[in-house]
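Chemist: Just so you know, we're using numbering that gives the first Met the number 0 here: the sequence shown kicks off at 0 and counts up by one.
Even glycine gets a Cβ: it sits at the ideal position worked out from N, Cα and C.
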Amino acid sequence: MKTINKIYINGEFVTPNGTEVLEIINPSNNQKIGEVTLADEVDTRNAIAAAKGAFKTFSKTTVAERISYLEKLKSAVEKRKKEFTDVMVEEYGGTFQFSSMSNEFTGQWFDSMIESVKGFEFEQTINSSKVFFTTRWRSGNHHALECQQWIYLQ
């Protein structure tokens with residue numbers, strides 16, 4: 000049985016402040032296969048503070064650095080493709096065919112993000128102002144992506 004009792008905040012796995020435990024059920028046979036300790040409001044606030052802190056430095060990274068991060072993430076995901084497929088089948092009840100195909104599309108998603116970053120103009124002059132565009136990515140699922148632009152005038 001799997002036990003997930005750590006959350007990832009500020010670059011490390013930490014024990015959550017939250018104490019609520021959620022059972023992980025295999026939907027294909029309705030059997031309990033694990034437990035996960037859920038984060039709470041304190042954990043959420045800590046994660047938001049860490050993300051805001053990370054954004055201060057990440058927003059200053061170059062296009063080449065961002066592409067490098069995406070390439071490293073893609074490589075790490077591709078190395079674990081079979082594991083991710085197995086988890087999708089067991090925990091979500093997905094068919095092997097669907098789960099495998101989803102993981103194939105994940106690699107393509109990274110490629111499309113790399114192409115987007117390559118063509119994105121992070122700094123523009125509009126009239127007499129220098130405008131810096133930074134991105135904040137939100138994903139509703141592992142294939143959908145929404146980009147919000149935050150504009151800072153100098």
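#1: Cβ atoms of residue 69 and residue 113: under 7 Å apart, would you say?
#2: Would you check if the distance between the CB atom of residue 20 and the CB atom of residue 43 is smaller than 7 Å?
#3: With a CB to CB cut of under 8 Å and the five nearest residues on each side skipped, what residues in its chain are close to residue 8?
#4: Can you give the beta carbon distance from residue 33 to residue 2, rounded, assuming they're within the 8 Å contact cut?
#5: Where do the N-terminal and C-terminal ends of the alpha helix (DSSP H) with residue 72 fall, by residue?
#6: Consult DSSP for residue 152 and reduce its assignment to one of helix, strand or coil.
#7: Which class does residue 56 belong to by DSSP, given the choice of helix, strand or coil?
#8: Where does residue 128 sit, in a helix, a strand or coil, going by DSSP?
#9: Which of helix, strand or coil does DSSP assign to residue 36?
Modeler: According to the structure data:
#1: Against a cut-off of 7 Å, the Cβ pair of residue 69 and residue 113 comes out as a contact.
#2: no
#3: If we look at residue 8 and ignore the five residues flanking it on each side, its Cβ neighbours are 42, 45, 46, 49.
#4: Taking a contact as a CB-CB distance under 8 Å, the pair residue 33 and residue 2 counts as one, their CB atoms being some 6 Å apart.
#5: 62-78
#6: Residue confidence is low: residue 152 scores 41 on pLDDT, short of 50, so the model does not pin down where it sits. No coordinate-derived value is stated.
#7: Helix at residue 56.
#8: Secondary structure of residue 128 (DSSP, three-state): strand.
#9: strand
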